[in-house]
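Below: one structure, written as structure tokens.
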Amino acid sequence: MRFEIMRLDDIDGTAIDSTVVDAASVSGIVQQAAATGQRIYIRPAAHCTSLAP
Numbered sequence: 027m028r029f030e031i032m033r034l035d036d037i038d039g040t041a042i043d044s045t046v047v048d049a050a051s052v053s054g055i056v057q058q059a060a061a062t063g064q065r066i067y068i069r070p071a072a073h074c075t076s077l078a079p
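Sequential numbering of the sequence shown, starting at 27, is according to my numbering.
Take a look at the structure:
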């Protein structure tokens with residue numbers, strides 16, 4: 027399964043950028059965001075064709 031992870035702006039919460047990753051990569055990204063205080067939004071990627079490592 028693939029997930030879209032969006033990095034959110036600290037001030038207004040709008041998406042700054044996004045990437046699509048496989049399920050195995052989500053945990054590492056969440057841990058990194060938590061360690062740096064970064065706001066992210068994660069949702070299943072329905073029809074995305076790109077896949078980031």
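Heads up, the beta-carbon is just placed ideally off N, CA and C, and yes, glycines get one too.
Only a predicted model underlies this, so the values are computations on that prediction, with no experimental measurement involved.
Per-residue burial, residue i [other beta carbons within 10 Å of its own, 16 or more giving buried]
i: residue 71; result: buried
i: residue 42; result: exposed
i: residue 31; result: buried
Coil, strand or helix - residue i by DSSP
i: residue 37; result: coil
i: residue 54; result: helix
Beta-ladder partner(s) of residue i, from DSSP
i: residue 13; result: No answer is possible for residue 13: it lies beyond the span of the chain, which begins at 27 and ends at 79.
i: residue 68; result: 31
Cβ-Cβ separation, residue j to residue i (assumed contact under 8 Å), whole Å
i: residue 56; j: residue 28; result: The Cβ separation is near 15 Å, so there is no contact.
i: residue 69; j: residue 36; result: No, residue 69 and residue 36 are not in contact; Cβ-Cβ is about 20 Å, not under 8 Å.
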